[in-house]
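If you read the protein sequences in the order shown, they are chains A and B. Quick note on the numbering used here: the first sequence kicks off at 1 and runs consecutively. Quick note on the numbering used here: the second sequence kicks off at 1001 and runs consecutively. Note that beta-carbon positions come from the ideal geometry of N, C-alpha and C, so glycine has one too. A short write-up of the structure that comes next.
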Amino acid sequence: MADIFNTLICGVGGQGVILLGDIMRKYGMKVPWIKNVVGTETRGVSQREGSVISTVRYLIENKVYSLDEGYDPYDYISPMIPINGAHLVIGLEPLETLRNIKYISEKTVIIFNTRKRLPKNLLLGKNNQKKYPNIGDILELLDQFARKTISMDFEELSKVKFNNTIHSNMIMLGVAVKEFLEIYNENKMKELLNEFFGKGSINHEAFELGFNLIDHY
Amino acid sequence: MMHDKLFSENQENKKFLISGNEAFARGIYEAGVRYAANYPGTPVSEIGDLLNDLGKKSNTFIFDYSINEKVALESCIGVSWAGGRSVVMFKHVGLNIASDPLHTFPYSGVRGGMLIICGGDPGIHSSTNAQDNRYYSLHTKIPIIVPSSVQECKDYVKYGLFISEKHELPIYLHVTNKLSHGHSIVRFDKKENSIRTIKFEKDPKKYINTLKKAMNNQLILYERLDALKNDDEISNLMNKEHITCEQEDNIKELQEKIGIITSGICFSHAVEACHRLKLKIPILKLGLIYPMNMKLIMDFILKNDLKKVLIIEELEPFIENNLKVEVHDKLKDFKSIEIIGKKYFPRVGELNSDIVMDVLAKILDKKNDVNIIELHEKRQIVEEIVSNLPVREPTFCSGCPYRPVFYALKKSTKVLTKKFSWEFIFGGDISCSTLAESYPFELIDYVISMSAGIGIANGLSRILDPNKQKMIAFIGDSTFFHTGLQPIINAIKDNIDLTIIVFYNFWTAMTGHQVHVGTPVEYIAESLGNNAIFSNQVDLINVINSFNPKNLVVTDSYNINKLKSIFTKELQKSGVKIIIIKSECALVKARRLKERKERKGYEVFYRILDHCVKCNECIEAFGCPAINIKKESSHSEENEDEKNQELIYYIDQNKCIPKVCPGACKMTCKNNAIKKTIINPQLKGKMSE
């Protein structure tokens, strides 16, 4: 296992990027094998319909950097993920996932939502020299770099199951937890979701759905 | 994080996952600060929002949402002189507004500790420039401390106040957005209680800065600064030396005698870069970067027998240049030392561990390291892919009251341009209205600083040919009270030919919906509770009325036809025309109405009917995010055959807020294809209006 486990969440303002980052960072407080959590997120004018990213970095091992005696080495981890450094990418929107290809490498698992959100200026083909890439082309590119890509129209799934596209982020979290069971304890994550949403929230069902979506052998 | 834990006494040694801004708020609480003031601005707005809550419930702490940064700073000076600890916070450009007292009050010094927390934005994510505020210290003589982690964001508040009281100097805490918006685990400490008695003790020599008294105080300021510079206790507290990768087995001693001096977030980038390249390099992390303790730096260089010192810092070569000057003075000892920094690092943009790693590889000739080869390969590929991707421009929220205004303004000015061959020039402000610069409006011609839309128009309007070019300038309500009064009065006093559009949306919307002095009492009571109301709210319209403007129109924003006729009429007049758009920020209003527990009434929603002729007006010209297009019959993205697909225009009910926006889009549709629909829950049937 890597000494730092890096997660990147990307999407469009309003999709739940910030909330998902918040949940995944808080998870770092739940289990003893994560020594520190750092992360950061884009803020400011990009919130409405703009590109949003959130980073989560778990410090796993004891001795990563050696620093002076009496100094807590866990304090000083850069909140930014290095190039090729993501272990997990949760791409809530295809174009935004491709925009962050810098972080994707042979160690990356991508959970990829195929539902496009066209930027306003592209709705009518304005700004024609830069077109929204074909989903097939995006997937092909991602496959070239990533270890594994789990792609699906999670918004459609959320709509069919829960009559609202908004729960796609929790479904994707469920898939991610199943992918990295050495990092994520399912029950601890459920405990955390309880703290966030209370009991009886649809978010639990959405997480459960994601967790059981793909069988692992 | 829950406020009850953030501001609670019994959390000693407990660990919490919090943001940099929360850490500052906790630090202010732990340090027993008596007074804090703020004008909101990214990246430090959240500190003020948190402290506002603390101020409401605490008997010993006062928080002020100040009218602007200058007043915020000055009020903190007052509290400090009375013996109380005070902290002021704002964004980097806010310090420009406060810079007048900033240059003089250090002459008098402080009594209670005083800290200025200032948030920089080197990547220009939410600002108009990337100015490196560390340079302020060179002419104000205010010492700078820079935290490197979220833990230090909390601790440095206390250290800063300690230094401030020990040396009677105000302290400037420099932070950048990656840290104030960063999250990490922080150990809490116990709350200190202030023991000073609060009293202003008259001392004309100290507090009056005129002529000889000022010059005398200037001398005292230099003495204080020298004392701090040579204070080893402070130096040991604020600066730390590290050796990277000491425990790794496969590291050989380096040939080059190189060391790193850095501060702030760059320290974590440096540590990570050294780790990735498996370099054993001594790093000196400066927490106090001005004044620099030269004994410490000489020790660092001599002890490690360094030949090269690499300075890692964002933006300007502040540490590098200061160090070069200091070392030059001690040339005898330092003849063979090379100090490098901006020779390798960019002066534009944020740094990260990739950039630092690349520079280290260049200097140490490690170009064949596998990390470096990968880095360069990937950069090239990424450049090719990302440069071809369409950009997502931010836009007004759905239901935003600004959108109909810019829509109507664009129509009206087009008509007038055709009729009179006038070209309209649009002066932008720092406000949500800045978003009109992008598609589909493109109605902003310049953006410089708070209220500069009108300030610059004061010059343009006087010199432009009024038969050819006409000025329109925008301003938001929070900016109006911040620095907007002066340019408006200046325009009125000479009745220059200028149209001023004031957006009165009741909140400081762009930075997170903070309350301001113009927010109506009833709205604050509903959103934030009675405690948040100032003793006196000031009505913006009454203020403008008191200027006796010849042409003043007040209107709400959603009736596009009415707006068009107002603009067409007003823009043909000469002299100053003021148009006030009075409509509440849609986001706050929606939240407010949601919290108001009303009995279930009529449900209203808007939809696009089948006789829509797809003229694109509502999308291309109006551009509300709630109005969308979908392609019918395309389930498989792979077989995109655009010719065979039918475009369907629809209103996304998840985004539309019909309780706030009374269907402004309806007026953009020439075919009446956008319909308001009302559902009466009692009748369980639909009625169309």
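Tell me which same chain residues have a C-beta within less than 6 Å of the C-beta of residue i, skipping the five on either side of it?
| i | result |
| --- | --- |
| residue 1306 of chain B | 1257 and 1259 |
| residue 1655 of chain B | 1398, 1625 and 1626 |
| residue 1131 of chain B | 1092 |
| residue 980 of chain B | The question about residue 980 of chain B has no answer, for chain B in this structure spans 1001 to 1689. |
| residue 1533 of chain B | 1521 and 1524 |
| residue 1088 of chain B | 1037, 1072, 1073, 1076 and 1116 |
What's the gap between the Cα of residue i and the Cα of residue j?
| i | j | result |
| --- | --- | --- |
| residue 1527 of chain B | residue 1373 of chain B | 55 Å |
| residue 1381 of chain B | residue 84 of chain A | 12 Å |
| residue 18 of chain A | residue 1573 of chain B | 48 Å |
| residue 1 of chain A | residue 187 of chain A | Below a pLDDT of 50, predicted positions are generally treated as unreliable, and residue 1 of chain A, at 37, falls in that range; the measurement from the model is reported next regardless. Cα to Cα, the separation comes out at about 21 Å. |
| residue 1265 of chain B | residue 1565 of chain B | 53 Å |
| residue 1203 of chain B | residue 1395 of chain B | 54 Å |
| residue 1433 of chain B | residue 148 of chain A | 43 Å |
| residue 1609 of chain B | residue 120 of chain A | 21 Å |
| residue 1298 of chain B | residue 1291 of chain B | 15 Å |
| residue 1472 of chain B | residue 1037 of chain B | 34 Å |
| residue 29 of chain A | residue 1067 of chain B | 39 Å |
| residue 1244 of chain B | residue 1276 of chain B | 11 Å |
| residue 53 of chain A | residue 1670 of chain B | 39 Å |
| residue 1226 of chain B | residue 1494 of chain B | 51 Å |
| residue 133 of chain A | residue 1390 of chain B | 9 Å |
| residue 1046 of chain B | residue 1039 of chain B | 11 Å |
| residue 1340 of chain B | residue 1261 of chain B | 10 Å |
| residue 1359 of chain B | residue 1138 of chain B | 28 Å |
| residue 51 of chain A | residue 1467 of chain B | 42 Å |
With 8 Å as the threshold, decide whether the Cβ of residue i is near any Cβ in chain B.
| i | result |
| --- | --- |
| residue 38 of chain A | yes |
| residue 80 of chain A | yes |
| residue 84 of chain A | yes |
| residue 198 of chain A | no |
| residue 50 of chain A | yes |
| residue 42 of chain A | yes |
| residue 12 of chain A | yes |
| residue 69 of chain A | Low confidence applies here, because residue 69 of chain A scores a pLDDT of 44, under 50, leaving its location unreliable; read the following figure in that light. Not closer than 8 Å to any Cβ of chain B, the Cβ of residue 69 of chain A fails to qualify, so no. |
| residue 122 of chain A | yes |
| residue 25 of chain A | yes |
Under 8 Å between C-beta atoms, does residue i make it to chain A?
| i | result |
| --- | --- |
| residue 1392 of chain B | yes |
| residue 1538 of chain B | no |
| residue 1272 of chain B | yes |
| residue 1382 of chain B | yes |
| residue 1668 of chain B | no |
| residue 1300 of chain B | no |
| residue 1122 of chain B | no |
| residue 1049 of chain B | no |
| residue 1172 of chain B | no |
| residue 1625 of chain B | yes |
| residue 1264 of chain B | no |
| residue 1439 of chain B | yes |
| residue 1330 of chain B | no |
| residue 1293 of chain B | no |
| residue 1352 of chain B | yes |
For residue i, which residues of its own chain have a beta-carbon under 7 Å away from its beta-carbon, when the five flanking residues on both sides are left out?
| i | result |
| --- | --- |
| residue 209 of chain A | 161, 171 and 174 |
| residue 1651 of chain B | 1606, 1607, 1608, 1626 and 1627 |
Given that residue i touches chain A, what residues does it touch there, using C-beta distances under 7 Å?
| i | result |
| --- | --- |
| residue 1151 of chain B | 75 |
Kindly list, in the order they appear in chain B, the residues whose Cβ is closer than 9 Å to that of residue i.
| i | result |
| --- | --- |
| residue 29 of chain A | 1015, 1016, 1017 and 1185 |
| residue 95 of chain A | 1389, 1390 and 1392 |
Run down chain B in chain order and give the residues with a C-beta less than 7 Å from the C-beta of residue i.
| i | result |
| --- | --- |
| residue 99 of chain A | 1386 and 1389 |
Which bits of chain A does residue i rub up against, with CB to CB less than 9 Å?
| i | result |
| --- | --- |
| residue 1374 of chain B | 83, 84 and 105 |
I'd like to confirm something about residue i: is its beta-carbon nearer than 7 Å to some heavy atom of the ligand MG, or not?
| i | result |
| --- | --- |
| residue 1401 of chain B | Among the components modelled here there is no ligand, and therefore nothing to report on the ligand MG. |
Using a cut-off of 8 Å between C-beta atoms, extract the partners of residue i located in chain B.
| i | result |
| --- | --- |
| residue 119 of chain A | 1390, 1391, 1392 and 1393 |
Show which residues of chain A have a CB atom less than 8 Å away from the CB atom of residue i.
| i | result |
| --- | --- |
| residue 1178 of chain B | 40, 79 and 80 |
Would you call the region 1170-1185 of chain B in contact with the region 1203-1219 of chain B, where contact means no fewer than 3 C-beta pairs closer than 8 Å? With the cut-off at 8 Å, the region 1170-1185 of chain B and the region 1203-1219 of chain B do not touch.
Under 8 Å: do the region 1302-1320 of chain B and the region 103-110 of chain A share three or more Cβ pairs, one atom per stretch? Verdict: no, contact absent.
Decide if the region 1412-1420 of chain B is in contact with the region 1549-1568 of chain B; the criterion is three or more beta carbon pairs, one per stretch, under 8 Å apart. Contact between the region 1412-1420 of chain B and the region 1549-1568 of chain B is present, with at least three C-beta pairs closer than 8 Å.
Would you call the region 1153-1167 of chain B and the region 1015-1035 of chain B touching, i.e. three or more CB-CB distances under 8 Å? Per the Cβ contact rule, the region 1153-1167 of chain B is in contact with the region 1015-1035 of chain B (3 or more Cβ pairs under 8 Å).
Any contact of the region 198-206 of chain A with the region 140-154 of chain A, i.e. 3+ C-beta pairs under 8 Å? By the C-beta criterion, the region 198-206 of chain A is judged not to be in contact with the region 140-154 of chain A, since fewer than 3 inter-stretch pairs fall below 8 Å.
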